[in-house]
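Undergrad: Here you go, one structure.
Residue numbers (my numbering): 35 to 318.
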């Protein structure tokens, strides 16, 4: 297990508790954060701290796909509204998209951290559960998002950069064959993350492999990684992935699409090597 930098609580500036989290960032960094530029500087410092602790990746979750830069003055204006607690939901989405674009820029131009994007999940959908237990206790429901156009500004800027890498995760299986596999098959900076949450099951993994391999190929996926907080489940989840991939590969051998040597090679890639390469652990 290695640490991963996840700044969602500081980039989603209209959520409850944001000012308290911002104060904690100021305390940790010894910086005053009264502008967006100062926020970016503090986050840059924390990225370096995580990198020094062994991190090779960042992690970001957002309900929508819209990673696009704003003019500097507009970003500062919206950040000022956030400090006053006056951001509208639409303004908050625009500012978050700008902040995520800046995190991608730091990955591409400065520290090389791999950018994981968990997008298109409506979090905390069950209001009663949220009010009783707080955020991120479940009820993450897929919703329709436009990956192709939403990622266009990001890919225009960094999609062909050898220093940038982004891993894409979704709860909406319908987007794999329509958008995500073609994007990952084309842009050298993209990899597809493994089936996420309730799709990391036997049938979910099989559907994922059927949907993405012909267009993106297995080589443009990240194999299987695990960020669960339920540590005892980790060995079982990886065992399900390995066995299901091998069963799927055996089916390709039986159909004459692969020979046994190719299937063995791909099985090792899926079990270990693709994740090592995707997260640049082979560079450490």
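Each residue gets a CB set at the ideal place from its N, CA and C atoms; glycine is no exception. Computed from a prediction, not measured in an experiment: that's the story for all the values here.
Look up residue 44 in the DSSP assignment and say whether it is helix, strand or coil.
TA: It is helical.
Undergrad: Which of helix, strand or coil does DSSP assign to residue 260?
TA: coil
Undergrad: Verify whether the separation of the beta carbon atoms of residue 304 and residue 224 is less than 8 Å.
TA: no
Undergrad: Which residue spans inside the region 161-233 form an unbroken beta strand (DSSP E) run of at least 3?
TA: Entirely contained in the region 161-233, the beta strand (DSSP E) runs reaching 3 residues are, in chain order, 200-203 and 224-226.
Undergrad: Alpha carbon to alpha carbon, how far is residue 90 from residue 312?
TA: 10 Å
Undergrad: How should residue 262 be labelled, buried or exposed, when 16 other C-beta atoms within 10 angstroms of its C-beta is the threshold for buried?
TA: exposed
Undergrad: Could you check the C-alpha separation between residue 133 and residue 111 for me, to the nearest Å?
TA: 14 Å
Undergrad: Does the Cβ of residue 119 have 16 or more other Cβ atoms within 10 Å, making it buried, or fewer, making it exposed?
TA: Counting the other Cβ atoms within 10 Å of the Cβ of residue 119 gives fewer than 16, which makes it exposed.
Undergrad: By how many angstroms is the C-alpha of residue 58 removed from the C-alpha of residue 69?
TA: Rounded to whole angstroms, residue 69 and residue 58 show a C-alpha spacing of 16 Å.
Undergrad: Kindly indicate the opening and closing residues of the beta strand (DSSP E) around residue 288.
TA: Careful: residue 288 lies outside any beta strand (DSSP E), inside the alpha helix (DSSP H) at 268-288.
Undergrad: If we ignore side chains and look at the alpha-carbon of each, how far apart do residue 281 and residue 264 end up?
TA: 26 Å
Undergrad: Can you check whether the CB of residue 92 is closer than 8 Å to the CB of residue 137?
TA: In terms of Cβ geometry, residue 137 and residue 92 form a close pair [threshold 8 Å].
Undergrad: My output table needs one value for residue 74: the three-state DSSP class, helix, strand or coil.
TA: Residue state, collapsed to three classes: helix.
Undergrad: Throw me the rounded Cβ distance for the residue 179 and residue 98 pair, which I believe falls under 8 Å.
TA: Going by Cβ atoms, the distance from residue 179 to residue 98 rounds to 6 Å, so yes, they are a contact pair.
Undergrad: Do residue 207 and residue 241 have their CB atoms nearer than 8 Å?
TA: yes
Undergrad: Going by C-alpha to C-alpha distance, which of 77, 102 and 144 sits closest to residue 62?
TA: 77
Undergrad: So is residue 210 buried or exposed if we call it buried at 16+ other beta carbons inside 10 Å?
TA: buried
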